[in-house]
Amino acid sequence: MHAGVYLDWLEAGYHGEMAWMARPDAVRRRLDPREALIGCRTVIVATLSYSPDDSSMPGPAPAENDRGQPLIARYARGIDYHDWFETRLDALADDVRSLDPDARVRRYVDYGPVLERDHAQRAGLGWIGKNSMLISPELGSWLLLGELLTTLDVEPDPPFVPDRCGTCRRCIDACPTDAILDDRTIDSRRCISYLTIELRGSIPVELRPAIGNRVFGCDICQDVCPWNAAPQPGDPTALVPGGHAEFPAMQEWAEALLEMDRDVYREAYRGTPLARPGRDAMLRNLCVGLGNSGDRAAVPVLRRCLADASELVREHAAWALERL
Ligand code: B12
Ligand code: SF4
Ligand code: SF4
58 MHAGVYLDWL
68 EAGYHGEMAW
78 MARPDAVRRR
88 LDPREALIGC
98 RTVIVATLSY
108 SPDDSSMPGP
118 APAENDRGQP
128 LIARYARGID
138 YHDWFETRLD
148 ALADDVRSLD
158 PDARVRRYVD
168 YGPVLERDHA
178 QRAGLGWIGK
188 NSMLISPELG
198 SWLLLGELLT
208 TLDVEPDPPF
218 VPDRCGTCRR
228 CIDACPTDAI
238 LDDRTIDSRR
248 CISYLTIELR
258 GSIPVELRPA
268 IGNRVFGCDI
278 CQDVCPWNAA
288 PQPGDPTALV
298 PGGHAEFPAM
308 QEWAEALLEM
318 DRDVYREAYR
328 GTPLARPGRD
338 AMLRNLCVGL
348 GNSGDRAAVP
358 VLRRCLADAS
368 ELVREHAAWA
378 LERL
């Protein structure tokens, strides 16, 4: 296990304000699954692939130069994957229990105290790319991870040893905020995904221009990866049951959020990834996107944002107006 990589990462403060990553009890559990499930003998890692086959990628991916449109990370264009994945893992847990009724099983998806990529690599599912993603040779990196910890003893699969990145460094060169570090980890404090989803406060001014119209998450270091050029298609519609998710243009979206208070926002986005940042941070992101749009038609809505009750929104609106 690459425990040292994780501990060095925390020590350097690369987790930013994600204090839950550094809580001593959570650190202990990440380093040893037996702290999360007493008697744990096996970690079963599952992948949920949302690889597009070109025609069925959920939601429109606006062209890079369509600056009035927001860009949303692919995993986030539909329903929240956590609940859906957990239901599937529960079914798998039943299968495990059917092998041994005394087996104890605990499932985790994403927010649990589990070093998911580390386990995935050790379970033979793929390697850790220079962009820090778990990359499967068949599915690329458009996949999400979940796992079962169990007291059942299962013969382990061999780890995935080869490094298939070779001399490539496209992700490092493409990252607009230089967030990718030499040891295949990320400085979250510079990563657009962190800045637009996890950070609750002000986005550092020097990083705002690089965010462009990415108002929720970032896929650049995966979009450029050659291992994602022709992956075996997964099931993108799993995350968007209707097959398609629509997002309004940024001006229209900001207008709508101005009319919502935090509770209304929470209700409106319940069950989707966009619930996580909350109303103020999402409006903050849209102000940054509008400021980067170069479109003076955004001035009126940004002026309205200047009068918003949230100081966070007002500050980002002022920055955006200045930039326009
Ligand atoms: C915190 C977090 C973030 C943070 C920090 C990201 C980071 N790279 O650390 C932020 C908010 C920036 C983020 C962003 C994203 N995230 Co995130 N995130 C997590 C979370 C909760 C913890 C990650 C963590 O522990 N980081 C600390 C570092 C040190 O650990 P690590 O990245 O896992 O690295 C380990 C492996 O690399 C391992 N290792 C194994 N083999 C090898 C080999 C070598 C040579 C080395 C050096 C290391 C190594 O060592 C490290 C320590 O154990 C995980 C879920 C989980 N519970 O694990 C999801 C997770 C990593 N995120 C995920 C996703 C999808 C994303 C985004 C793509 C979302 C988006 N589109 O915006 C971006 C991608 C950014 C990127 N390039 O990583 C998926 C990744 C799936 C995959 N295929 O890898 C996960 C697994 C969630 C899930 N359940 O599917 N995320
Ligand atoms: S997700 Fe975006 S900002 Fe974060 S490391 Fe990848 S390219 Fe850089
Ligand atoms: S873009 Fe190149 S270096 Fe980066 S993860 Fe993909 S193969 Fe590895």
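Converting from the sequence shown to the working numbering requires adding 57 to each position, the first position being numbered 1. Glycine residues also receive a C-beta, built at the ideal position from the N, C-alpha and C atoms.
Next on the checklist: Going by DSSP, what residue range makes up the beta strand (DSSP E) through residue 101?
Outcome noted: As a first step, residue 101 is located in the sequence shown; it is residue number 44 there, counting from the start. Residue 101 -> beta strand (DSSP E) spans 99-106.
Checklist entry - For residue 185, which residues of its own chain have a beta-carbon under 7 Å away from its beta-carbon, when the five flanking residues on both sides are left out? => result Residue 185 sits at position 128 when you count from the first residue of the sequence shown. Shown here for residue 185: same chain residues with a beta carbon closer than 7 Å to its own, the five before and five after excluded, namely 174, 178, 191, 241 in chain order.
Checklist entry - Can you give the Cα-Cα distance for residue 291 and residue 343, rounded to whole angstroms? => result Looking up residue 291 in the sequence shown gives position 234. Looking up residue 343 in the sequence shown gives position 286. One C-alpha to the other measures close to 30 Å.
Next on the checklist: Closer than 8 Å is the cut-off here; do at least three beta carbon pairs connect the segment 123-138 with the segment 205-222?
Outcome noted: The segment 123-138, when compared against the segment 205-222, does not touch it at the 8 Å Cβ threshold.
Checklist entry - Looking at the structure shown, is residue 84 part of a helix, part of a strand, or coil, going by DSSP? => result As a first step, residue 84 must be located in the sequence shown, where it is residue number 27. It is helical.
Checklist entry - Are residue 274 and residue 254 touching if we call contact CB-CB under 8 Å? => result Position 217 of the sequence shown holds residue 274. Position 197 of the sequence shown holds residue 254. Taking 8 Å as the Cβ cut-off, residue 274 and residue 254 qualify as a contacting pair.
Checklist entry - With 16 as the cutoff for other CB atoms within 10 Å, does residue 365 come out buried or exposed? => result Counting from one through the sequence shown, the residue named residue 365 turns up at place 308. Buried is the label assigned to residue 365, since at least 16 other Cβ atoms lie within 10 Å of its Cβ.
Checklist entry - My guess is that residue 323 and residue 369 are in contact by the Cβ rule of under 8 Å, so how many angstroms apart are they, rounded? => result Looking up residue 323 in the sequence shown gives position 266. Looking up residue 369 in the sequence shown gives position 312. No, residue 323 and residue 369 are not in contact; Cβ-Cβ is about 17 Å, not under 8 Å.
Next on the checklist: Tell me the residue span of the beta strand (DSSP E) that contains residue 203.
Outcome noted: Residue 203 sits at position 146 when you count from the first residue of the sequence shown. Counted as a single uninterrupted DSSP element, the beta strand (DSSP E) harbouring residue 203 occupies residues 200-207.
Item to check | Proximity to residue 223 [Cα-Cα], best of 246, 187, 98 | outcome: Numbered from 1 along the sequence shown, position 166 holds the residue referred to as residue 223. When only C-alpha atoms are compared, the closest one is 187.
Checklist entry - How would you write the range of the alpha helix (DSSP H) that residue 265 sits in, first residue to last? => result Stepping through the sequence shown from its first residue, residue 265 is reached at position 208. First-last of the alpha helix (DSSP H) with residue 265: 265-268.
Item to check | Close Cβ partners of residue 201 (< 6 Å) along its chain, the five nearest in sequence each way excluded | outcome: The residue given as residue 201 occupies position 144 in the sequence shown. The residues are 105, 138.
Next on the checklist: On a Cα-Cα basis, can you pick out the residue from 87, 316, 158 that is closest to residue 167?
Outcome noted: Position 110 of the sequence shown holds residue 167. Nearest option by C-alpha distance: 87.
Checklist entry - If you measure from the CB of residue 236, is any heavy atom of ligand 2 nearer than 7 Å? => result Here residue 236 refers to the residue found at position 179 when the sequence shown is read from its first residue. Result yes, Cβ under 7 Å from ligand 2.
Checklist entry - Which value, in whole angstroms, describes the spacing of the CA atoms of residue 332 and residue 271? => result The count along the sequence shown starts at 1 and reaches residue 332 at position 275. The count along the sequence shown starts at 1 and reaches residue 271 at position 214. Rounded to the nearest angstrom, the gap between the Cα atoms of residue 332 and residue 271 is 16 Å.
Checklist entry - From residue 287 to residue 330, what distance separates their C-alpha atoms? => result As a position in the sequence shown, residue 287 is number 230, starting the count at 1. As a position in the sequence shown, residue 330 is number 273, starting the count at 1. So the two alpha carbons sit approximately 26 Å from each other.
Item to check | Rounded distance between the beta-carbons of residue 363 and residue 307, thought under 8 Å | outcome: Against the sequence shown, residue 307 aligns to sequence position 250. Against the sequence shown, residue 363 aligns to sequence position 306. Residue 307 to residue 363, Cβ: 16 Å. No contact.
Checklist entry - Within 7 Å: the Cβ of residue 107 and any heavy atom of ligand 1? => result Position 50 of the sequence shown, counted from the start, is the residue given in the question as residue 107. Answer for residue 107: no, Cβ out of range of ligand 1.
Next on the checklist: Measuring only from the beta carbon, is residue 75 closer than 7 Å to any heavy atom that is part of ligand 1?
Outcome noted: Looking up residue 75 in the sequence shown gives position 18. It does: the Cβ of residue 75 is within 7 Å (strictly closer) of some heavy atom of ligand 1.
Item to check | In DSSP terms, what residue 155 is bridged to | outcome: Walking along the sequence shown from the start, residue 155 turns up at place 98. In the DSSP output, where bridge partners are listed per residue, residue 155 has none listed.
Checklist entry - If we ignore side chains and look at the alpha-carbon of each, how far apart do residue 278 and residue 149 end up? => result Position 221 of the sequence shown, counted from the first residue, corresponds to residue 278. Position 92 of the sequence shown, counted from the first residue, corresponds to residue 149. Taking the straight line joining both Cα atoms gives about 31 Å.
Next on the checklist: If distances are taken between C-alpha atoms only, which option among 158, 226, 377, 372 comes closest to residue 356?
Outcome noted: Counting from 1 along the sequence shown, the entry for residue 356 is found at position 299. For residue 356, the nearest C-alpha among the options comes from 377.
Item to check | Proximity test, residue 353 beta-carbon vs ligand 1 heavy atom, cut-off 7 Å | outcome: In the sequence shown, the residue the question calls residue 353 occupies position 296. No, ligand 1 has no heavy atom inside 7 Å of this Cβ.
Item to check | Residue of 158, 82, 374 minimising C-alpha distance to residue 350 | outcome: Start at 1 with the first residue of the sequence shown, and residue 350 comes out as number 293. The residue with the shortest Cα to Cα distance from residue 350 is 374.
Checklist entry - What are the start and end residues of the beta strand (DSSP E) that includes residue 163? => result By 1-based counting over the sequence shown, the position of residue 163 is 106. Element bounds for residue 163: 162-166.
Checklist entry - How would you label residue 95, buried or exposed, when you count the other beta carbons within 10 angstroms and need 16 or more for buried? => result Counting from 1 along the sequence shown, the entry for residue 95 is found at position 38. With fewer than 16 other Cβ atoms within 10 Å, it is exposed.
Item to check | Among 267, 319, 281, 130, the one whose alpha carbon lies nearest that of residue 229 | outcome: Indexing the sequence shown from 1 puts residue 229 at position 172. Ranking 267, 319, 281, 130 by Cα distance to residue 229 puts 281 first.
Checklist entry - If you count every other CB in all the chains shown that lies within 10 Å of the CB of residue 276, and 16 or more means buried, which is it? => result Residue numbering aside, residue 276 sits at position 219 when the sequence shown is read from its first letter. So residue 276 ends up on the buried side.
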